[in-house]
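What follows is a set of notes on a single structure, which appears directly below.
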Amino acid sequence: MERFYCALDAIVAMKKIRGVNTYCRLYEIDRRNLIANRKDLDRGWFQVSWMYPMVKDFGVNAKWLMLGVGKMFEE
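If you want it as structure tokens, here you go:
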């Protein structure tokens, strides 16, 4: 989960999206759950489906995201 939020911050910093609200709106993610889960990773609201757009649309390396292996972004 920490890598997910790290990648989300990187995507925003690179200006590929405007912010978390935009990510949630584009991919139909409940923003309240995403923000609450970020504050407390033990909440159990994290959904694996939140990661799919990162890999598909933003080039985040799936192995890095899931396993911590390799670089954050595909080259």
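Position one of the sequence shown corresponds to residue 1 (our numbering), numbered consecutively onward. The beta-carbon is built from N, C-alpha and C at its ideal position, and this holds for glycine as well.
Return the bridge partner residues of residue i from the DSSP annotation.
i, result
"residue 60", "73"
Between residue i and residue j, what straight-line distance do the alpha-carbon atoms span, to the nearest angstrom?
i, j, result
"residue 14", "residue 44", "28 Å"
"residue 8", "residue 62", "13 Å"
"residue 18", "residue 3", "19 Å"
"residue 42", "residue 48", "15 Å"
"residue 75", "residue 40", "32 Å"
Which one of the options has the shortest CA to CA distance from residue i?
i, options, result
"residue 25", "46, 53 and 6", "53"
"residue 80", "28, 50 and 27", "Past the boundaries of the shown model lies residue 80; the chain is included only from 1 to 75, so the question cannot be answered."
"residue 12", "1, 46 and 60", "60"
"residue 1", "46, 75 and 29", "46"
"residue 23", "5, 71 and 40", "5"
Report the CB separation of residue i from residue j in whole angstroms; it is logged as a contact under 8 Å.
i, j, result
"residue 58", "residue 16", "6 Å"
Can we say the stretch 59-68 touches the stretch 33-41, given the rule of at least three CB pairs closer than 8 Å? no
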